Amino acid sequence: MAKQPDINRLKKIAKEVRIEIVKMLNCAGSGHTGGSLSMVELLVGLYFYKFKCDPSKPLCSTRDIFVLSKGHGCPALYAVLAKMNFFSKEELCTLRKIGTRLQGHPQIGLPGVEISSGSLGQGLSIANGFALGARLNKDPKRVYCLMGDGELDEGQVWEAALTSAHYKLDNVCGIIDYNKFQIDGRVEDIKGLEPLKAKWQSFGWEVFEIDGHNVKEVAEAYDKAEKIKGKPSMVLAHTVKGKGVSFFENKNKYHGVAPNKEELEKAIKELETEK
Amino acid sequence: MEIKMKPTRDGFGEGLVELGQTRDDIVVLSADLTESTRAAWFKDKFPERFFAMGVSEQDMMGTAAGLALSGKVVFACTFGAFAAGRAWDQVRVSLAYMKTNVKVVGTHGGISVGEDGPTHQANEELALMRILPNMTVIIPCDAIEAKRAAIASASYPGPVYLRLGRSGVPVITKEEDIFEIGKANLLKDGKDVAVIACGVEVYEALCAHEALKKENISARVINLHTVKPIDKDLIIKAARETGAVVTAEEHTIVGGMGSAVSEVLSQSCPVPMEFIGVKDRFGESGDPKELFKLFGLTADDIVKAAKKAIARKNARD
Ligand SMILES: Cc1ncc(C[n+]2csc(CCOP(=O)(O)OP(=O)(O)O)c2C)c(N)n1
Ligand SMILES: [Mg+2]
Numbered sequence: 024m025a026k027q028p029d030i031n032r033l034k035k036i037a038k039e040v041r042i043e044i045v046k047m048l049n050c051a052g053s054g055h056t057g058g059s060l061s062m063v064e065l066l067v068g069l070y071f072y073k074f075k076c077d078p079s080k081p082l083c084s085t086r087d088i089f090v091l092s093k094g095h096g097c098p099a100l101y102a103v104l105a106k107m108n109f110f111s112k113e114e115l116c117t118l119r120k121i122g123t124r125l126q127g128h129p130q131i132g133l134p135g136v137e138i139s140s141g142s143l144g145q146g147l148s149i150a151n152g153f154a155l156g157a158r159l160n161k162d163p164k165r166v167y168c169l170m171g172d173g174e175l176d177e178g179q180v181w182e183a184a185l186t187s188a189h190y191k192l193d194n195v196c197g198i199i200d201y202n203k204f205q206i207d208g209r210v211e212d213i214k215g216l217e218p219l220k221a222k223w224q225s226f227g228w229e230v231f232e233i234d235g236h237n238v239k240e241v242a243e244a245y246d247k248a249e250k251i252k253g254k255p256s257m258v259l260a261h262t263v264k265g266k267g268v269s270f271f272e273n274k275n276k277y278h279g280v281a282p283n284k285e286e287l288e289k290a291i292k293e294l295e296t297e298k
Numbered sequence: 003m004e005i006k007m008k009p010t011r012d013g014f015g016e017g018l019v020e021l022g023q024t025r026d027d028i029v030v031l032s033a034d035l036t037e038s039t040r041a042a043w044f045k046d047k048f049p050e051r052f053f054a055m056g057v058s059e060q061d062m063m064g065t066a067a068g069l070a071l072s073g074k075v076v077f078a079c080t081f082g083a084f085a086a087g088r089a090w091d092q093v094r095v096s097l098a099y100m101k102t103n104v105k106v107v108g109t110h111g112g113i114s115v116g117e118d119g120p121t122h123q124a125n126e127e128l129a130l131m132r133i134l135p136n137m138t139v140i141i142p143c144d145a146i147e148a149k150r151a152a153i154a155s156a157s158y159p160g161p162v163y164l165r166l167g168r169s170g171v172p173v174i175t176k177e178e179d180i181f182e183i184g185k186a187n188l189l190k191d192g193k194d195v196a197v198i199a200c201g202v203e204v205y206e207a208l209c210a211h212e213a214l215k216k217e218n219i220s221a222r223v224i225n226l227h228t229v230k231p232i233d234k235d236l237i238i239k240a241a242r243e244t245g246a247v248v249t250a251e252e253h254t255i256v257g258g259m260g261s262a263v264s265e266v267l268s269q270s271c272p273v274p275m276e277f278i279g280v281k282d283r284f285g286e287s288g289d290p291k292e293l294f295k296l297f298g299l300t301a302d303d304i305v306k307a308a309k310k311a312i313a314r315k316n317a318r319d
């Protein structure tokens with residue numbers, strides 16, 4: 024029988040990761056709260072269920088590859104990597120401080136971080152490069168690439184979308200954190216993306232549209248994507264920016280603002296009592 | 003003696019084919035300029051290691067980075083204007099910042115592109131590339147050097163920018179000459195003035211050397227094929243021993259090779275300097291030979307600049 028996701032475990036981990044994220048951001052005093060909280064289940068469903076890696080050998084050649092294209096969401100990635108034991112949890116509080124490996128946007132060199140990012144729109148091309156490299160190396164690895172919805176305004180994303188489909192990169196699985204907000208406001212007001220599923224389909228992608236906070240749907244989407252042959256897959260995940268903390272949810276002010284002490288205490292209380 | 007003319011892009015194409023034969027980790031990408039960049043010569047022999055990227059320079063740089071992170075040595079080929087201009091942020095973040103093993107190949111550098119005109123004449127990319135940390139910038143002077151630069155850069159870790167030309171240029175180096183990335187070559191000794199040149203201007207500098215000799219002026223000629231990392235020692239020695247320097251490049255004098263030389267000399271051995279290059283303007287269409295006259299890039303222009311630099315030196319004494 025195929026491996027089944029342990030839903031309760033994944034939910035519990037997601038909650039713990041959120042708590043680490045708000046703590047880390049408060050400790051740093053700056054950073055991107057909203058977009059880190061919206062991507063939590065997308066990462067947890069990947070790393071704690073699907074992803075092939077060995078945290079004690081982060082560069083092991085058979086590992087799967089995760090490319091964080093929306094680099095500003097790195098607090099979520101750092102929290103997950105620490106939880107996976109790529110590095111110690113103590114290091115999380117060094118976020119954004121002088122000398123840290125946890126730069127304000129991801130930098131190669133921190134175990135588990137595959138690319139340096141922060142300039143939006145570049146990740147999918149790099150993921151394609153990894154996928155072509157894997158094909159040349161006859162390596163069955165899968166390559167995942169997480170993007171923001173605002174990030175999709177970048178032309179390079181669509182250049183890359185053509186490349187993945189043209190080269191039939193079925194080892195590529197894109198993920199869109201469709202939280203409906205970018206810095207200047209609602210995505211639909213700034214530069215609408217709809218019909219987004221149809222756009223990716225017309226670009227030659229298989230699209231799985233899911234609730235990005237439902238770990239079961241997330242895990243199953245990665246399972247289904249793996250079975251698609253001859254074309255790349257996209258997990259189009261509907262999410263809530265700031266998810267998990269009522270006063271951050273859909274409050275775009277918290278796109279790039281970290282919780283202060285008072286907000287942190289309230290946030291942790293909410294996250295801990297959430298069922 | 004008759005001079006053989008050959009474009010540097012042809013030397014590069016030969017180098018790629020040789021690399022393909024000797025190493026199986028070489029991968030080549032091209033942004034819809036496969037014939038023009040000579041990437042086609044590799045593609046014909048090793049189609050499974052060539053990927054057409056379409057007119058998507060930004061995507062090409064990212065794809066190259068991913069391939070490089072998978073253990074490949076990647077040559078990403080397009081025109082210099084587009085490699086550095088259109089895809090500069092991708093070069094900055096996905097190549098330079100990450101130190102990925104990608105060799106960016108920019109052909110059609112400088113006004114010698116000729117008739118296609120200003121949009122296609124890269125006169126700014128040496129500056130755009132050399133200001134990036136971790137980037138190596140090479141501009142071969144002829145087809146032989148271009149071939150050797152291609153081969154050497156494959157074994158040189160990290161991102162490299164290779165600046166090549168479209169038109170035939172005199173073949174002046176020999177297969178047995180030493181070529182080492184970061185080590186400039188002293189071509190002619192001289193004591194009155196030093197002409198530091200790169201690319202096709204090396205040939206013009208050699209012609210200037212002969213012309214100056216007839217007037218009893220002894221001009222040292224240096225081929226600064228690597229703009230970054232720059233060979234400080236040879237440059238400082240030349241300035242110290244001659245007391246006057248002329249730089250010559252087929253590129254804007256704002257931020258290019260001459261600027262790099264003056265950054266070295268102003269700190270370590272300030273001497274009068276003259277700059278031969280494109281004078282803060284865009285190129286234009288025309289026959290390359292005529293454009294070189296119009297833009298002041300000929301041996302004659304170097305001769306005049308050399309005399310001016312010497313006069314300024316003498317006025318200081
Ligand atoms: C190329 C580039 N332009 C601008 C920015 C500044 N910036 C950071 S986040 C962001 C909005 C991104 O929106 P989205 O992708 O929806 O991210 P999320 O909502 O998940 O935080 C912008 C414009 C950037 N990082 N990179
Ligand atoms: Mg968003």
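Residue numbers (this note's numbering), protein chains in the order written: chain A, 24 to 298; chain B, 3 to 319.
Idealized CB from N, CA, C, for every residue including glycine.
Owing to the predicted nature of the structure, the values given are computational and were not obtained by experimental measurement.
Practice task
Using beta-carbon positions only, say whether C168(A) and H128(A) come within less than 9 Å of one another.
Solution key: no
Problem - Selection from S84(A), E39(A), N151(A), G144(A) that minimises the alpha carbon distance to L100(A) - result: E39(A)
Exercise for the section: With DSSP as the reference, label R32(A) as helix, strand or coil. Expected result: The DSSP-derived three-state label of R32(A) is helix.
Exercise for the section: Check whether the segment 106-126 of chain B touches the segment 273-290 of chain A, counting contact only when three or more Cβ pairs, one atom from each stretch, lie closer than 8 Å. Expected result: no
Problem - Cβ neighbours of G64(B) in the same chain (closer than 8 Å, five flanking residues each side left out) - result: Q92, S96
Practice task
Kindly examine ligand 3 and report whether one of its heavy atoms sits closer than 8 Å to the Cβ of N202(A).
Solution key: No copy of ligand 3 appears in this structure; the ligands present are ligand 1 and ligand 2.
Exercise for the section: Pick helix, strand or coil for R86(A), following the three-state DSSP scheme. Expected result: coil
Practice task
Starting from the beta carbon of N194(A), find every residue of chain B whose beta carbon is closer than 8 Å, and list them in chain order.
Solution key: Residues of chain B passing the Cβ test: none, with the nearest at roughly 12 Å.
Practice task
Taking only beta carbons into account, state which residues of the segment 129-158 of chain A come closer than 9 Å to chain B, listed in chain order.
Solution key: Q130, I131, E137, I138, S139, S140, G141, S142, G144, Q145, G146, L147, S148, I149, A150, N151, G152, F153, A154, L155, G156, A157
Problem - Three-state secondary structure (DSSP) of K161(A) - result: coil
Problem - Own chain partners of A307(B) with C-beta closer than 7 Å, once the 5 adjacent residues on each side are dropped - result: Excluding its 5 nearest sequence neighbours in each direction, A307(B) has C-beta neighbours in its own chain below 7 Å: V248, E276, I278, listed in chain order.
Exercise for the section: Give every residue of the same chain whose Cβ lies closer than 7 Å to the Cβ of D27(B), excluding the five residues on either side of it in the sequence, and list them in chain order. Expected result: G73, K74, V75
Problem - Runs of alpha helix (DSSP H) wholly within the segment 160-201 of chain A (minimum 4 residues, chain order) - result: For secondary structure counted as the alpha helix (DSSP H) over 4 or more consecutive residues, the segment 160-201 of chain A holds these complete runs in sequence order: 178-189.
Handout entry: Counted within 10 angstroms of its Cβ, other Cβ atoms place M24(A) as buried (16 or more) or exposed
Key = Interpretation of M24(A) is limited by its pLDDT of 49, a score under 50 that renders its predicted location unreliable; the figure taken from the coordinates is listed afterwards. The residue in question, M24(A), is exposed, as its Cβ has fewer than 16 Cβ neighbours within 10 Å.
Practice task
Please check the pair K264(A) and N275(A), which I expect to be a contact at CB under 8 Å, by giving their CB distance rounded to whole angstroms.
Solution key: 7 Å
Problem - CB of T56(A) within 9 Å of CB of V280(A), strictly - result: yes
Handout entry: Complete runs of the alpha helix (DSSP H) confined to the segment 15-72 of chain B [at least 4 residues]
Key = The segment 15-72 of chain B contains these whole alpha helix (DSSP H) runs: 41-47, 59-71.
Exercise for the section: Following the continuous alpha helix (DSSP H) through T244(B), name the residue where it begins and the one where it ends. Expected result: Looking at the DSSP string, the run of the alpha helix (DSSP H) that includes T244(B) is 234-244.
Exercise for the section: Compare the beta carbon distance of I180(B) and V162(B) with 9 Å and say whether it is the shorter of the two. Expected result: Not in contact: I180(B) and V162(B) (Cβ atoms no closer than 9 Å).
Practice task
Would you tell me roughly how many angstroms separate the C-alpha atoms of V57(B) and I224(B), rounded to the nearest one?
Solution key: Computed Cα separation, rounded: 37 Å.
Exercise for the section: Examine chain A for any beta-carbon lying closer than 9 Å to the beta-carbon of D34(B), and answer yes or no. Expected result: no
Handout entry: contact_flag[the segment 25-40 of chain B, the segment 98-117 of chain B] where n(CB pairs < 8 Å) is 3 or more
Key = Between the segment 25-40 of chain B and the segment 98-117 of chain B there are three or more C-beta pairs closer than 8 Å, enough to call the two in contact.
Exercise for the section: Compare the beta carbon distance of S213(B) and A301(B) with 9 Å and say whether it is the shorter of the two. Expected result: According to the sequence displayed, residue 213(B) carries Ala and not Ser. Yes.
Handout entry: Residues, ordered as in the chain, of the segment 190-214 of chain B that lie near chain A by beta-carbon distance below 8 Å
Key = Within the segment 190-214 of chain B, no residue qualifies.
Handout entry: Entirely enclosed beta strand (DSSP E) segments - the segment 168-254 of chain B, minimum 3 residues
Key = 187-190, 195-199, 221-225, 228-230, 247-254
Problem - 3-residue-minimum beta strand (DSSP E) runs that sit fully inside the segment 76-156 of chain B, ordered along the chain - result: 104-109, 138-140
Practice task
Specify the secondary structure class of A281(A) as computed by DSSP and reduced to three states.
Solution key: coil
Handout entry: Three-way DSSP call (helix, strand, coil) for L259(A) in this model
Key = strand
Problem - Where L91(A) meets chain B, residues with beta-carbon distance less than 9 Å - result: Chain order gives no chain B residues near L91(A), where near means a beta carbon separation below 9 Å; the closest approach is about 13 Å.
Handout entry: Stretch-stretch touch, CB-based, cutoff 8 Å, three pairs: the segment 99-113 of chain A with the segment 145-153 of chain A
Key = no
Practice task
Please state whether DSSP places K309(B) in a helix, a strand or coil.
Solution key: DSSP places K309(B) in helix when its eight states are reduced to three.
Handout entry: Those residues which DSSP pairs with E232(A) across a bridge
Key = L259(A)
Handout entry: Backbone secondary structure at Q324(A) - three-state DSSP
Key = The structure shown does not extend to residue 324(A), since chain A is modelled only from 24 to 298, so the question has no answer here.
Handout entry: Given V195(B) as reference, the closest of V305(B), G201(B), P159(B), K295(B) once Cα atoms are compared
Key = Of the candidates V305(B), G201(B), P159(B), K295(B), V305(B) places its Cα closest to the Cα of V195(B).
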